[in-house]
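There are 2 protein chains.
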Amino acid sequence: MIGRKLCERLARDGQLAGNRIDSADLVDIVTPSPPSLADFPTTSEAFDIAAPYVAPKLIARRPDVVFLLASIVSGEAESDFDKGYAINLDGTRMLFEAIRREHRLSGGAYRPRLVFTSSIAVFGAPFPETIDDDFFSTPLTSYGTQKAVCELLLADYSRRGFFDGVGLRLPTICVRPGPPNRAASGFFSGIIREPLAGREAILPVAETVRHWHASPRSAVGFLVHAASLDLAKLGARRNLTMPGVSATVGEQIEALRAVAGEAATRLIRRQRDETIERIVAGWPSRFDASRALGLGFTAESSFAEIIRVYREDEYVGPVP
Amino acid sequence: MIGRKLCERLARDGQLAGNRIDSADLVDIVTPSPPSLADFPTTSEAFDIAAPYVAPKLIARRPDVVFLLASIVSGEAESDFDKGYAINLDGTRMLFEAIRREHRLSGGAYRPRLVFTSSIAVFGAPFPETIDDDFFSTPLTSYGTQKAVCELLLADYSRRGFFDGVGLRLPTICVRPGPPNRAASGFFSGIIREPLAGREAILPVAETVRHWHASPRSAVGFLVHAASLDLAKLGARRNLTMPGVSATVGEQIEALRAVAGEAATRLIRRQRDETIERIVAGWPSRFDASRALGLGFTAESSFAEIIRVYREDEYVGPVP
Numbered sequence: 000m001i002g003r004k005l006c007e008r009l010a011r012d013g014q015l016a017g018n019r020i021d022s023a024d025l026v027d028i029v030t031p032s033p034p035s036l037a038d039f040p041t042t043s044e045a046f047d048i049a050a051p052y053v054a055p056k057l058i059a060r061r062p063d064v065v066f067l068l069a070s071i072v073s074g075e076a077e078s079d080f081d082k083g084y085a086i087n088l089d090g091t092r093m094l095f096e097a098i099r100r101e102h103r104l105s106g107g108a109y110r111p112r113l114v115f116t117s118s119i120a121v122f123g124a125p126f127p128e129t130i131d132d133d134f135f136s137t138p139l140t141s142y143g144t145q146k147a148v149c150e151l152l153l154a155d156y157s158r159r160g161f162f163d164g165v166g167l168r169l170p171t172i173c174v175r176p177g178p179p180n181r182a183a184s185g186f187f188s189g190i191i192r193e194p195l196a197g198r199e200a201i202l203p204v205a206e207t208v209r210h211w212h213a214s215p216r217s218a219v220g221f222l223v224h225a226a227s228l229d230l231a232k233l234g235a236r237r238n239l240t241m242p243g244v245s246a247t248v249g250e251q252i253e254a255l256r257a258v259a260g261e262a263a264t265r266l267i268r269r270q271r272d273e274t275i276e277r278i279v280a281g282w283p284s285r286f287d288a289s290r291a292l293g294l295g296f297t298a299e300s301s302f303a304e305i306i307r308v309y310r311e312d313e314y315v316g317p318v319p
Numbered sequence: 000m001i002g003r004k005l006c007e008r009l010a011r012d013g014q015l016a017g018n019r020i021d022s023a024d025l026v027d028i029v030t031p032s033p034p035s036l037a038d039f040p041t042t043s044e045a046f047d048i049a050a051p052y053v054a055p056k057l058i059a060r061r062p063d064v065v066f067l068l069a070s071i072v073s074g075e076a077e078s079d080f081d082k083g084y085a086i087n088l089d090g091t092r093m094l095f096e097a098i099r100r101e102h103r104l105s106g107g108a109y110r111p112r113l114v115f116t117s118s119i120a121v122f123g124a125p126f127p128e129t130i131d132d133d134f135f136s137t138p139l140t141s142y143g144t145q146k147a148v149c150e151l152l153l154a155d156y157s158r159r160g161f162f163d164g165v166g167l168r169l170p171t172i173c174v175r176p177g178p179p180n181r182a183a184s185g186f187f188s189g190i191i192r193e194p195l196a197g198r199e200a201i202l203p204v205a206e207t208v209r210h211w212h213a214s215p216r217s218a219v220g221f222l223v224h225a226a227s228l229d230l231a232k233l234g235a236r237r238n239l240t241m242p243g244v245s246a247t248v249g250e251q252i253e254a255l256r257a258v259a260g261e262a263a264t265r266l267i268r269r270q271r272d273e274t275i276e277r278i279v280a281g282w283p284s285r286f287d288a289s290r291a292l293g294l295g296f297t298a299e300s301s302f303a304e305i306i307r308v309y310r311e312d313e314y315v316g317p318v319p
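Top to bottom, those sequences are chains A and B. Residue 24 in numbering that gives the first Met the number 0 sits at position 25 of the first sequence, with consecutive numbering throughout. Residue 152 in numbering that gives the first Met the number 0 sits at position 153 of the second sequence, with consecutive numbering throughout.
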C-alpha cells in the first residue's frame, strides 16, 4: 500500500532529491501496477527477494535511489520462522550485498541512496512512558528482531561507504484504505474507516490503549524526504524513529465524533479480544522523535488531522 | 586465552551449574590444548565455524551447555569485511540454527544453555559519561555490528524456546598474559605486565584516557555464572553489560606504582600514536552495570585488585 502510494507521489512530482526521474523499476512478490500518470518509463516485475539470484539482477541496473519496503508482516514472521528470516533478514542482506558488489565493480563510483523501512517493533516492553532516540532495541517478535538486524547492517554498510543508507521506523499507519485485514493493528484503522462508510467496526481493546500513528501520506513523505536528506546532518546513526501522533483509542473515537458525529461512533462495537489485547499491550505508545523532527521529517499533529488526510486522499463513501 | 582459562576452571571445579561435568568438547580454529587436570574426558578439535558442515556436526552431540567464544578480533573484522561477517555473524547464526535443528529433532526436549561472549564494541560514540543498561547499540565497527546482530538473534532464539541464551558484553580484559600483541587495546595490559617483568612498555595515549576493565579471572567467572543463572530473573532481555573497573591510564599507573614502586613506572615510555589515540577515543569509558550486578555477576572493585589477580594467577617474573 505504501509502495503504491510512493509510486503515485513520484509520478506526480516527476523528480526526486532535485533530479528529474528518468525511470523506475517496480518490484513486488506479485507484479505491481505502474502509476497511472508517470511521464517516465516504468517496469513492473514480480520477484521473491529471498531468492539469491534476484538482488544481483535488480541492482545490476544501478539505480540511484533504492526504496526497500519488502517484508512479510509481524504475524507471519512469528508463525513461519524460516520464511521471516529468509525474506526480512536474508532478502535485505542480499540486496545490501548486491549493492556492495556493484560498488566494487564500479571502482567505488556506484554508491546509491538506500531508504529502508524499519518499524517501531524494534522496541520491546517494558518501555518508559516516552521512548527517546537513544533507547535500546529489545524486540519481542521475530519481525522486530529482523528489522533491528537490518538497521545494524544498514548502518555498517553505510559507514563502510557501500551505499548511503537511511532507516525509517514507521509509526502504525492509519487510516489504512481498503477492506479490513486480520493484522492485530487493523482495528486502529477499522474504527475510523468503517464508520465513515456507514459500516460497523469492531473494537477489540479498551479505549485507554495508547499508540503511535501517522497517515499513509506522511509515510510517503518520510520516504521522499529520506531520499533527499543531507547525510552530513545524519552522521553514523542512520536509523530514525519517525514522528507521529500519540493517541488513545478514546481520543481516536473523539476525533471521529468531531468529524462525523455521534451516529458514526455508534457503529463501533466493543468486543474484547484477549489475544489482540495481549499483543497490543506490548506495543509502544509514545516517542520523542526529536532527531527526525530536527532533520525535517514531518507528520500530522493530531488524530483529527489524520482523519482529515484520509478523507482528502481516500474517502469515497457517502458524506455522513 | 579466555577459553583456555575457562577449561582450566571447569577442570578444577569438576561441576557446572550444580551438575557433575561428564565430558567436554573443545573446538578452536587450531586444535586447543586440553586442560591438564580434568577428571572427565575431553576432545580437542580444530574447525572453522564459518564452514556450514561444522555447527551441525558439533551440536549433534547435544551438549547441555555451549560456551560460544569464537570470533575474529575487531581489527581483522574491519580489514576483512567478508571474513568478519562469515565468522562473527554467519558462524554464530549457523550454530544457533544447528541447535534449533536438534531442538526440533528432539521434539523440543533438547534446549541447551548457550553463553555467548559479546563486547562493549556494540556501543559507539558519542556516549553519555556513564552508559546505562538501556542505552542503544550503534556500533562504529563491523565487529561491533556483528556482535550486536548476534545479541538480537540470541534473544529471539531464546524467546522462541530453541535454547536458553545469555549474552555477556565483556569489558576490556586486563592484565592479559603472554607477549605483547598488536591489538589497539594491547597497551592497557602492556603497561602493567611488562614493567612487572622488568621490561619496557610503550604508552601510545594520554594518561587521561579512561576505559572499562576486568581481569581474565572475572571473565571466566562471568561465563560460569551465566551457565548457572536463574533465567526467570533475566526475562526477555538476554544481553548484559558485565561489571568492571573504570580507570584512567593515570590511575592504572598509580596502581602499578603502589604495587611495584616508582622504578617499575619508569619503564613506561610515552610515545603517542595518533592511530591508536583515534581508535581509543571512540571507546566507552564507564558503565552502570546495575542489571548484571543485581543478577550476581561480580568483578574487581579497583585497578589495584586487577593487578593483584594478575600476580596471583599469572605472574612468574622476578619479584620487583
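C-beta atoms are modelled at their ideal positions from N, C-alpha and C, and glycine is treated no differently.
Against chain B, does Ala-225 of chain A count as a neighbour if the rule is that its beta carbon must be under 7 angstroms from one of theirs?
By this cut-off, Ala-225 of chain A is not an interface position.
Can you list the residues of chain B that Phe-95 of chain A reaches, using a CB-CB cut of under 7 angstroms?
Per Cβ cutoff of 7 angstroms: no residues; Phe-95 of chain A is ~11 angstroms from chain B at best.
Helix, strand or coil, according to DSSP, for Arg-310 of chain A in the structure here?
Helix, per DSSP.
Determine the direct distance from the alpha carbon of Ala-154 of chain A to that of Phe-80 of chain A, and round the result to whole angstroms.
Taking the straight line from one Cα to the other gives about 25 angstroms.
Closer than 8 angstroms by C-beta to Arg-307 of chain B: which residues in its own chain qualify, once you throw out the five before and the five after it? Chain order, please.
So the list reads Val-258, once near-sequence residues are dropped.
Helix, strand or coil: which one does DSSP assign to Arg-19 of chain B?
If DSSP states are grouped into helix, strand and coil, Arg-19 of chain B belongs with the strands.
Contact criterion: CB-CB distance below 7 angstroms. Does Leu-151 of chain A meet it with respect to chain B?
Closer than 7 angstroms: yes.
Is any beta-carbon of chain B found at less than 7 angstroms from that of Phe-135 of chain A?
Yes, its Cβ sits closer than 7 angstroms to a Cβ of chain B.
Could you tell me which residues DSSP puts in a beta bridge with Asn-238 of chain B?
DSSP lists B:Gly-166 as partners of Asn-238 of chain B.
Report the residue ranges of all alpha helix (DSSP H) runs contained in full by the segment 220 to 267 of chain A; include only those spanning at least 4 residues, in chain order.
Qualifying alpha helix (DSSP H) stretches, in chain order: 248 to 264.
Near Phe-115 of chain A, what residues of its chain come up, given a Cβ to Cβ distance below 6 angstroms and the 5 sequence neighbours on each side ignored?
Result list for Phe-115 of chain A: Leu-67, Leu-153 and Gly-166, in chain order.
Using a Cβ-Cβ cut-off of less than 7 angstroms, list which residues of the segment 100 to 129 of chain B approach chain A; keep chain order.
So the list reads Gly-123, given in the order they occur along the chain.
Looking at the secondary structure, which residues open and close the alpha helix (DSSP H) in which Ile-58 of chain A lies?
53 to 58 is the span of the alpha helix (DSSP H), which, as asked, contains Ile-58 of chain A.
Where does Asp-89 of chain A sit, in a helix, a strand or coil, going by DSSP?
If DSSP states are grouped into helix, strand and coil, Asp-89 of chain A belongs with the helices.
Taking all protein chains shown into account, decide if Thr-144 of chain A is buried (16 or more other Cβ within 10 angstroms of its Cβ) or exposed.
Per the 10 Å Cβ criterion, buried.
Count the CB pairs spanning the segment 128 to 145 of chain A and the segment 121 to 136 of chain B that are closer than 8 angstroms, and state whether there are at least three.
Result yes; three or more Cβ-Cβ pairs closer than 8 angstroms.
I'd like to know whether the C-beta atoms of Thr-247 of chain B and Phe-286 of chain B end up nearer to each other than 7 angstroms.
No, they are not a contact pair.
Round the Cβ separation of Trp-211 of chain B and Gly-243 of chain B to the nearest angstrom and send it over; I've been treating them as touching at under 8 angstroms.
Sure, about 5 angstroms apart at Cβ, within 8 angstroms.
Who are the neighbours of Asp-79 of chain B on chain A, taking C-beta pairs under 9 angstroms?
By Cβ distance, chain A contributes nothing, its closest Cβ being about 12 angstroms from Asp-79 of chain B, past 9 angstroms.
What are the residues of the segment 147 to 174 of chain A that lie near chain B, defined by any Cβ-Cβ distance shorter than 8 angstroms?
From the segment 147 to 174 of chain A, only Ala-147, Val-148, Leu-151, Leu-152, Ala-154, Asp-155, Arg-158 and Arg-159 have a Cβ closer than 8 angstroms to chain B.
How far does the alpha helix (DSSP H) with Leu-67 of chain A in it reach, from first residue to last?
Note, Leu-67 of chain A: premise wrong, no alpha helix (DSSP H); beta strand (DSSP E) at 64 to 67.
Would the beta-carbon of Ser-118 of chain B fall within 7 angstroms of that of Lys-82 of chain B?
Result no, Cβ atoms of Ser-118 of chain B and Lys-82 of chain B do not sit closer than 7 angstroms.
Within 7 angstroms of any Cβ in chain B, is that where the Cβ of Ser-141 of chain A sits?
Yes - at least one Cβ of chain B is within 7 angstroms of the one on Ser-141 of chain A.
Just how far apart, CA to CA, sit Pro-319 of chain B and Ala-262 of chain B?
Note on Pro-319 of chain B: pLDDT 47, under 50, position unreliable in the model; the coordinate value appears next. Distance between the alpha carbons of Pro-319 of chain B and Ala-262 of chain B: 9 angstroms.
Fully enclosed by the segment 104 to 191 of chain A, which alpha helix (DSSP H) runs are 4 residues long or longer?
Listed in chain order, they are 141 to 158.
According to DSSP, which residues form a beta bridge with Gln-321 of chain A?
There is no way to answer for residue 321 of chain A, as the model of chain A reaches only from 0 to 319.
Measure the alpha-carbon distance for Val-174 of chain A versus Ala-183 of chain A and round it to whole angstroms.
Looking at the two C-alpha atoms, the distance is approximately 14 angstroms.
What residues in its chain sit with their C-beta under 6 angstroms from that of Ala-108 of chain A, if we drop five residues either side in the sequence?
Nothing listed; no residue qualifies.
Taking a contact to mean a Cβ-Cβ separation below 7 angstroms, would you say Ser-157 of chain A touches Arg-237 of chain A in this structure?
Cβ distance < 7 angstroms, so Ser-157 of chain A and Arg-237 of chain A count as in contact.
Among B:Pro-176, B:Arg-8, B:Ile-28 and B:Arg-60, whose alpha-carbon lies nearest the alpha-carbon of Ala-50 of chain B?
Checked all of B:Pro-176, B:Arg-8, B:Ile-28 and B:Arg-60; the closest Cα to Ala-50 of chain B is B:Ile-28.
Per DSSP, what kind of secondary structure is Phe-286 of chain B in: helix, strand or coil?
Correct three-state label for Phe-286 of chain B: strand.
For the segment 267 to 297 of chain A, list every residue whose C-beta sits within 9 angstroms of some C-beta in chain B, in sequence order.
Hits within the stretch: zero.
Counting only the same chain and skipping the five closest in sequence on each side, list residues whose C-beta sits under 8 angstroms from that of Arg-271 of chain B.
Answer for Arg-271 of chain B: Pro-203, Val-204 and Ala-205, listed in chain order.
Anything in the segment 223 to 250 of chain B with a Cβ closer than 8 angstroms to a Cβ of chain A? List those residues in chain order, please.
Those would be Ala-235 and Arg-236, in chain order.
Can you find the residues in the same chain that come closer than 6 angstroms, C-beta to C-beta, to Ile-252 of chain A, ignoring five residues on each side of it along the sequence?
Thr-264, listed in sequence order.
Look at the Cβ atom of Arg-216 of chain B, then the Cβ atom of Asp-312 of chain B, and state whether they are nearer than 7 angstroms.
A contact, by the Cβ cut-off of 7 angstroms.
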